[in-house]
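J.: Sharing a structure with you now.
In structure tokens:
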């Protein structure tokens, strides 16, 4: 049975958005383009209608969700455009698994990565699902507290929108709320699946790098005296080239949507941080607003951390390969063979990276930049509020 770091839940969600290779990709793509375009039009209409500073809380709430929708559909567009590269990544992963099945150590190493990837994926999807649920719960509590039928106040929707029809009356309001909740829940889990996919592919790359390092460190005098060093070196060079190509495909696929996500996460974290700080209080509305914001906040923090951790992890694994090659017994090899390892050491000095739009390398340092920038903007907003 073929195993993969991409879990079954992630695969199912990718099929639902027309990303996974199959014959049924047109209908899911049409569904997502039409529904998200419809939602975004009325979301931005709401933002423009409430752009006054006196309604800053509503703007912060609306912008955070609207940007999340925008980034999700942008990610899907990137995947649809680069579907051939994603198919190449999946094919490489399948081939690597076939090769790992021949060795006990390789199979053991990759199995550990699979279990870790599946657990992380389930955790991320659960957090995003809870974020959508608590956001809806908090919004409904606030809506019930603020609604006064005699005064004619509007009933608050889950997604801040100005619809072309009256949504205050029953059962239209209930139908809109249920539809918005289901779409928001599905969108949040799809966003979680895309973040989980990043974790899955980099853990696969990490597993292949670990196997390569084991081969290099096992290259000892027995291989040299037995005359098997040439065959081993061929395996090493081939694996290293595949890892480099796999890393390049990851960079091509994820580069531009990580740039958009990097910038949007700063704004979303800023908006949610402002809502959390201003919602601290004893009233029911404050508690409800805190409830709807705090899980959403953690979900966006995880999203930002995932892309930055991915860049850090890939760079560390690339450096580890160079260190393992240097620590091998290359000095005991014949000159013609040692030159191959020396070239590999030189190639390893060029870092494997994931960039944000080929502008900056993603790393844990970039994650701290996101948090610091968001905190600075929150401080400015609080001073003006």
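In full-length UniProt numbering, the protein residues as written are 1 to 385.
Glycine is no exception: its CB is placed at the ideal position from the N, C-alpha and C atoms.
(1) Please report the residue range of the alpha helix (DSSP H) in which residue 309 lies.
(2) Quick one: using the 10 Å Cβ neighbour count with 16 as the cut-off for buried, is residue 5 buried or exposed?
(3) Alpha carbon to alpha carbon, how far is residue 265 from residue 184? Give it in angstroms, no decimals.
(4) Have a look at residue 257 and residue 201 and give me their C-alpha separation to the nearest angstrom.
(5) Using the beta-carbon count (16 or more within 10 Å), is residue 156 buried or exposed?
(6) Sort 219, 378, 70, 334 by Cα distance to residue 37 and report the nearest one.
(7) Given a cut-off of 8 Å on the beta-carbon distance, is the pair residue 316 and residue 348 in contact?
(8) Based on Cα-Cα distance, which residue from 379, 74, 350, 105 lies nearest to residue 213?
(9) Could you check whether residue 252 and residue 359 sit closer than 8 Å to each other, using their CB atoms as the reference points?
(10) Give me whichever residues DSSP pairs with residue 356 in a beta bridge.
(11) Could you tell me whether the segment 258-278 touches the segment 366-381, using the rule of 3 or more Cβ pairs below 8 Å?
(12) Which residue from 294, 7, 327 puts its Cα closest to that of residue 115?
(13) Look at the Cβ atom of residue 356, then the Cβ atom of residue 362, and state whether they are nearer than 8 Å.
(14) What's the C-alpha gap between residue 291 and residue 322?
(15) Tell me the DSSP secondary structure of residue 156 in three-state form.
(16) By alpha-carbon positions, which one of 208, 171, 77 ends up nearest to residue 386?
(17) Below 8 Å CB to CB, which residues in the same chain sit around residue 74 once its five sequence neighbours on both sides are set aside?
(18) Please tell me whether residue 142 and residue 288 are closer than 8 Å, where the distance is taken between their beta carbons.
(19) Judging by CA-CA distance, which residue of 319, 374, 296, 318 is the nearest neighbour of residue 126?
(20) Taking residue 277 as the reference, which of 25, 57, 45 has the closest Cα?
(21) Determine the burial state of residue 241: buried for a count of at least 16 other Cβ atoms within 10 Å of its Cβ, exposed for fewer.
(22) Under 8 Å Cβ to Cβ from residue 255, same chain only, skipping five residues before and after it: list those, please.
(23) Report the rounded CA-to-CA distance for residue 207 versus residue 301, giving the unit in angstroms.
(24) If you follow the alpha helix (DSSP H) that residue 32 is part of, which residue opens it and which one closes it?
(25) Please report the residue range of the alpha helix (DSSP H) in which residue 97 lies.
(26) Looking only at its chain, what residues have a beta carbon closer than 7 Å to the beta carbon of residue 367, apart from the 5 residues adjacent to it on each side?
(27) Pop quiz: residue 340 and residue 233 are said to be a contact at Cβ under 8 Å. What is the actual Cβ separation, rounded to whole angstroms?
(28) So, helix, strand or coil for residue 20, using DSSP?
(29) Answer with buried or exposed for residue 96, where buried requires no fewer than 16 other C-beta atoms within 10 angstroms of its C-beta.
(30) Quick one: Cα of residue 319 to Cα of residue 94, how far?
(31) What does the Cβ neighbour count give for residue 128, buried or exposed, with the cut at 16 atoms within 10 Å?
(32) Helix or strand or just coil, what does DSSP make of residue 3?
(33) For residue 132, collect the residues of the same chain with a Cβ closer than 6 Å to its Cβ; drop the 5 residues on either side in sequence, then sort them by chain order.
(34) On a Cα-Cα basis, can you pick out the residue from 119, 311, 215 that is closest to residue 237?
(35) Quick one: using the 10 Å Cβ neighbour count with 16 as the cut-off for buried, is residue 24 buried or exposed?
(36) Going by alpha carbons, who is nearest to residue 87 out of 350, 249, 338?
T.: Reading it off the structure:
(1) What you label residue 309 is simply residue 309 of the chain shown in a count that begins at 1. Looking at the DSSP string, the run of the alpha helix (DSSP H) that includes residue 309 is 284-327.
(2) The sequence position of residue 5 within the chain shown is 5, counting from 1. Label assigned to residue 5: buried.
(3) Residue mapping note: residue 184 aligns to position 184 of the chain shown, counting from 1. Residue mapping note: residue 265 aligns to position 265 of the chain shown, counting from 1. Cα-Cα distance, rounded: 18 Å.
(4) On the chain shown, position 257 is the one that residue 257 refers to. On the chain shown, position 201 is the one that residue 201 refers to. Going from the Cα of residue 257 to the Cα of residue 201 covers about 16 Å.
(5) As a first step, residue 156 must be located in the chain shown, where it is residue number 156. By the neighbour-count criterion, in which a residue is buried when 16 or more other Cβ atoms sit within 10 angstroms of its Cβ, residue 156 is buried.
(6) In the chain shown, counting from the first residue as 1, residue 37 sits at position 37. Per the Cα distances, 70.
(7) Start at 1 with the first residue of the chain shown, and residue 316 comes out as number 316. Start at 1 with the first residue of the chain shown, and residue 348 comes out as number 348. Taking 8 Å as the cut-off, the beta carbon of residue 316 is found no closer than this to the beta carbon of residue 348.
(8) Residue 213 sits at position 213 when you count from the first residue of the chain shown. Of the listed residues, the one whose Cα sits closest to residue 213 is 105.
(9) As a first step, residue 359 must be located in the chain shown, where it is residue number 359. As a first step, residue 252 must be located in the chain shown, where it is residue number 252. Taking 8 Å as the cut-off, the beta carbon of residue 359 is found no closer than this to the beta carbon of residue 252.
(10) What you label residue 356 is simply residue 356 of the chain shown in a count that begins at 1. According to DSSP, residue 356 bridges with 360.
(11) yes
(12) Mapped onto the chain shown, residue 115 falls at position 115. Among 294, 7, 327, the Cα nearest to that of residue 115 belongs to 7.
(13) Taking the chain shown and counting its residues from 1, the one referred to as residue 356 is at position 356. Taking the chain shown and counting its residues from 1, the one referred to as residue 362 is at position 362. Yes. Within cutoff.
(14) On the chain shown, residue 291 is found 291 positions in, with the first residue counted as 1. On the chain shown, residue 322 is found 322 positions in, with the first residue counted as 1. Taking the straight line joining both Cα atoms gives about 47 Å.
(15) For this step, residue 156 is matched to residue 156 along the chain shown. Note: residue 156 maps to coil in three-state DSSP.
(16) The shown model of the chain, from 1 to 385, leaves out residue 386, and the question about it has no answer.
(17) As a working mapping, residue 74 is identified with position 74 in the chain shown. Here the set comprises 257, 260.
(18) Residue numbering aside, residue 142 sits at position 142 when the chain shown is read from its first letter. Residue numbering aside, residue 288 sits at position 288 when the chain shown is read from its first letter. For residue 142 and residue 288, yes; Cβs fall inside 8 Å.
(19) Locating residue 126 in the chain shown gives position 126, where the first residue counts as 1. Looking at the Cα atoms, 296 is the closest of the given residues.
(20) For the purposes of this step, residue 277 is taken as residue 277 along the chain shown, with counting starting at 1. Of the candidates 25, 57, 45, the one whose C-alpha sits nearest the C-alpha of residue 277 is 57.
(21) In the chain shown, counting from the first residue as 1, residue 241 sits at position 241. Exposed, since its Cβ has fewer than 16 Cβ neighbours within 10 Å.
(22) Locating residue 255 in the chain shown gives position 255, counting from the first residue. Taken in chain order, the residues that qualify are 354, 355, 356, 357, 358.
(23) Here residue 207 refers to the residue found at position 207 when the chain shown is read from its first residue. Here residue 301 refers to the residue found at position 301 when the chain shown is read from its first residue. Straight-line Cα distance between these residues: approximately 26 Å.
(24) As a position in the chain shown, residue 32 is number 32, starting the count at 1. Start and end: 26-49.
(25) As a working mapping, residue 97 is identified with position 97 in the chain shown. Note, residue 97: alpha helix (DSSP H), 83-100.
(26) As a working note, residue 367 is residue 367 in the chain shown. The answer, listed in chain order, is 304, 305, 308.
(27) For the purposes of this step, residue 340 is identified with residue 340 of the chain shown, where counting begins at 1. For the purposes of this step, residue 233 is identified with residue 233 of the chain shown, where counting begins at 1. Correct: roughly 5 Å between the Cβ atoms.
(28) In the chain shown, counting from the first residue as 1, residue 20 sits at position 20. Three-state result, residue 20: coil.
(29) Mapped onto the chain shown, residue 96 falls at position 96. Counting Cβ neighbours within 10 Å, residue 96 comes out buried, since at least 16 surround it.
(30) Residue 319 sits at position 319 when you count from the first residue of the chain shown. Residue 94 sits at position 94 when you count from the first residue of the chain shown. Going from the Cα of residue 319 to the Cα of residue 94 covers about 25 Å.
(31) Sequence index remark: in the chain shown, residue 128 carries index 128 (1-based). Answer is buried; the Cβ neighbour count reaches 16.
(32) Counted from its first residue, the chain shown places residue 3 at position 3. Coil, per DSSP.
(33) Taking the chain shown and counting its residues from 1, the one referred to as residue 132 is at position 132. The beta carbon of residue 132 lies closer than 6 Å to those of 184, 185, 188 in the same chain, with the five residues before and after it left out.
(34) Residue 237 sits at position 237 when you count from the first residue of the chain shown. Of the candidates 119, 311, 215, the one whose C-alpha sits nearest the C-alpha of residue 237 is 215.
(35) Against the chain shown, residue 24 aligns to sequence position 24. Counting Cβ neighbours within 10 Å, residue 24 comes out exposed, since fewer than 16 surround it.
(36) What you label residue 87 is simply residue 87 of the chain shown in a count that begins at 1. It is 249.
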